[in-house]
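So the protein lines, in turn, are chains S, E and D.
First residue of the first sequence? That's 227 in the numbering used here, and the numbers climb one at a time after it.
First residue of the second sequence? That's 227 in the numbering used here, and the numbers climb one at a time after it.
First residue of the third sequence? That's 227 in the numbering used here, and the numbers climb one at a time after it.
Quick reminder that beta carbons are idealized off the backbone N, C-alpha and C, glycines included.
Here the structure is a predicted model, which is why all the values come from computation and not from measurement.
The structure under discussion appears below in the form of structure tokens.
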Amino acid sequence: MGETIEKVSIIISKGSLEGVYPGLIMANGARSEGIEANLFFTFFGLDAIHKERLEHLKVAAVGNPGMHMASLIGVLPGMSAIATHMMEKKMEEHDIPGVAEFVEMIADSGCGLYACKASVELFGFSDEDFIEQVEDTITVGEFYGKAAGGEIIFT
Amino acid sequence: MGETIEKVSIIISKGSLEGVYPGLIMANGARSEGIEANLFFTFFGLDAIHKERLEHLKVAAVGNPGMHMASLIGVLPGMSAIATHMMEKKMEEHDIPGVAEFVEMIADSGCGLYACKASVELFGFSDEDFIEQVEDTITVGEFYGKAAGGEIIFT
Amino acid sequence: MGETIEKVSIIISKGSLEGVYPGLIMANGARSEGIEANLFFTFFGLDAIHKERLEHLKVAAVGNPGMHMASLIGVLPGMSAIATHMMEKKMEEHDIPGVAEFVEMIADSGCGLYACKASVELFGFSDEDFIEQVEDTITVGEFYGKAAGGEIIFT
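Shown next, in the form of structure tokens:
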């Protein structure tokens, strides 16, 4: 075809570790290939750019049969913490940075970071709650404007 | 670039409140900008257009670390109801309509609503189970036909 | 418009039955219409092409209010198994093939199957863990190369 992707606009809507990483990995992969990239954080995904929360994202140990743990065990206090610790250790072994470092790295590579206005209002957050790399809080309409001419990936 | 998005085809596949709203908000945002929009309901997402179910969608209080509740507490009976009540109250405060009203508003704005044929058969639903705004029950192939020339957003 | 979709690149990122099927159904629907299709398995979605795991995918009975079961009941041991059995039986009644057969069918129809390199390394898998229909393990950058000129659908 000779065609290439020129831009990706990735929406991160979940606040679990396994909900946040795919979007970050896809944004990072895009920038590595010289593809323009924007990250748009909405709903629980806002936690990934929230100063006090982004260091505390957890693996969802229940409701996740892929974890191969009995559901009953999954809900014992601490199981989510254990699964989180296991995943963080594995990621460290494979040189995958933690969320805070990864988001900063992606922003430094030229990816735009945006918060969803409706979600920010719903959760009662303000601009000061977010890391400095967040460029702006924008509406869905403004998101579509930025995404035009590229692929939209909702994660 | 001078480019704009002309059409979005949004798939809603989850039946939780936080699974349904992002798709509704993105469809509403598209119509507000004059962008053609179609909503396609599949799997548990069908609940959002099911006459008897759309008023009873709940927040998934477990398997959702973003809720910042211990998993153990999350599964006590009633916790999902409490989280649901909290989110509904917050949405009301911010003038975000309930699911029934929001879906109707979006349909009135000219967005097409479609049910996924395979899922409708799988769950044993019939056309009468759905709200009148649903235009048709269509196959995946027909969905691709409607989505051509725009962005596909799977939520 | 006269436009048609020429290619879809579908990412499967979840390992639950209800997380895997939408992507398979959309890939199958694409091939039925003569649309080029690629399936890219990442994170827990890798279970769907893992020789020893693809026969054992389960419905996530908790964290899934769409299942219409009280959360407390959802976590009793065996409830996920019961929900899985119910869904498998329903799918059989509607001639929807099981995951193993469905993936093989889709590959035979000309859809490319790819594993995500970063996830394969993270989980410590190797090529021998995957069914023979998997063509290659590729990076995110290579994925974007294959996806160019089509729609990206993240499920």
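Please report the straight-line C-alpha distance between residue i and residue j, rounded to a whole angstrom.
i, j, result
"leucine 348 of chain E", "lysine 316 of chain D", "6 angstroms"
"glutamate 259 of chain E", "lysine 233 of chain E", "11 angstroms"
"alanine 392 of chain S", "glycine 324 of chain S", "The question about residue 392 of chain S has no answer here: the residues shown for chain S are numbered 227 through 381."
"aspartate 321 of chain E", "phenylalanine 369 of chain S", "21 angstroms"
"alanine 309 of chain S", "leucine 272 of chain D", "18 angstroms"
"valine 329 of chain E", "alanine 373 of chain E", "20 angstroms"
"glutamate 318 of chain E", "valine 285 of chain E", "15 angstroms"
"glycine 245 of chain D", "isoleucine 238 of chain D", "8 angstroms"
"leucine 283 of chain E", "leucine 250 of chain E", "14 angstroms"
"alanine 326 of chain D", "tyrosine 247 of chain D", "11 angstroms"
"glycine 336 of chain S", "alanine 274 of chain D", "34 angstroms"
"methionine 313 of chain D", "serine 242 of chain D", "12 angstroms"
"threonine 363 of chain S", "glutamine 359 of chain D", "44 angstroms"
"glutamate 229 of chain S", "glutamate 229 of chain D", "17 angstroms"
"serine 297 of chain E", "histidine 311 of chain E", "For serine 297 of chain E, the predicted model reports a pLDDT of 39, less than 50, meaning its position is unreliable and no value from the coordinates is stated."
So which of the options has the shortest CA-CA distance to residue i?
i, options, result
"lysine 343 of chain S", "S:Ala374, S:Leu243, S:Phe267, S:His320", "S:Phe267"
"glycine 367 of chain D", "S:Ile236, S:Ser235, S:Met252", "S:Met252"
"isoleucine 261 of chain S", "D:Gly371, D:His311, D:Gly376", "D:Gly371"
"glutamate 281 of chain E", "E:Gly249, E:Ile236, E:Ile357", "E:Ile357"
"serine 345 of chain E", "E:Thr230, E:Lys240, E:Val246, E:Ile231", "E:Lys240"
"glycine 350 of chain S", "S:Phe269, S:Ala256, S:Arg257, S:Ile238", "S:Phe269"
"alanine 256 of chain D", "E:Thr365, E:Gln359, E:Met313", "E:Thr365"
"histidine 276 of chain D", "D:Asp353, D:Leu243, D:Met313, D:Gly375", "D:Asp353"
Identify, in the order they occur along the chain, each residue of the same chain with its Cβ nearer than 8 angstroms to the Cβ of residue i, setting aside the five sequence neighbours on each side.
i, result
"methionine 331 of chain E", "Asn254, Pro323"
"glutamate 377 of chain S", "Ile231, Lys233, Val234, Ser235"
"glutamate 278 of chain E", "Asp355"
"glutamate 361 of chain E", "Gly338, Leu339, Tyr340"
"alanine 307 of chain E", "Lys284"
"methionine 227 of chain D", "Any reading at methionine 227 of chain D must be qualified, since the residue scores a pLDDT of 46, below 50, and its modelled position is unreliable; the value itself is stated next. None."
What does DSSP give as the partner residues of residue i in its beta bridges?
i, result
"cysteine 342 of chain E", "E:Ile364"
"isoleucine 237 of chain E", "E:Phe266, E:Phe380"
"phenylalanine 356 of chain S", "S:His276"
Residue i versus chain C: which residues are under 9 angstroms apart at the beta carbon?
i, result
"glycine 249 of chain E", "Judged by its chain identifiers, the structure shown contains no chain C, and its protein chains are S, E and D."
Which same chain residues end up closer than 6 angstroms to residue i when comparing Cβ atoms and leaving out the 5 residues on each side of it in sequence?
i, result
"asparagine 264 of chain D", "Ser235, Gly338, Lys372"
"phenylalanine 380 of chain S", "Ile237"
Using C-beta distances below 7 angstroms, list every residue in its chain close to residue i, excluding the 5 sequence neighbours before and after it, in chain order.
i, result
"glycine 375 of chain E", "Glu232, Lys233"
Q.
As an exercise, report each continuous beta strand (DSSP E) stretch of at least 3 residues that is fully enclosed by the stretch 241-282 of chain D, in chain order.
A. 262-267
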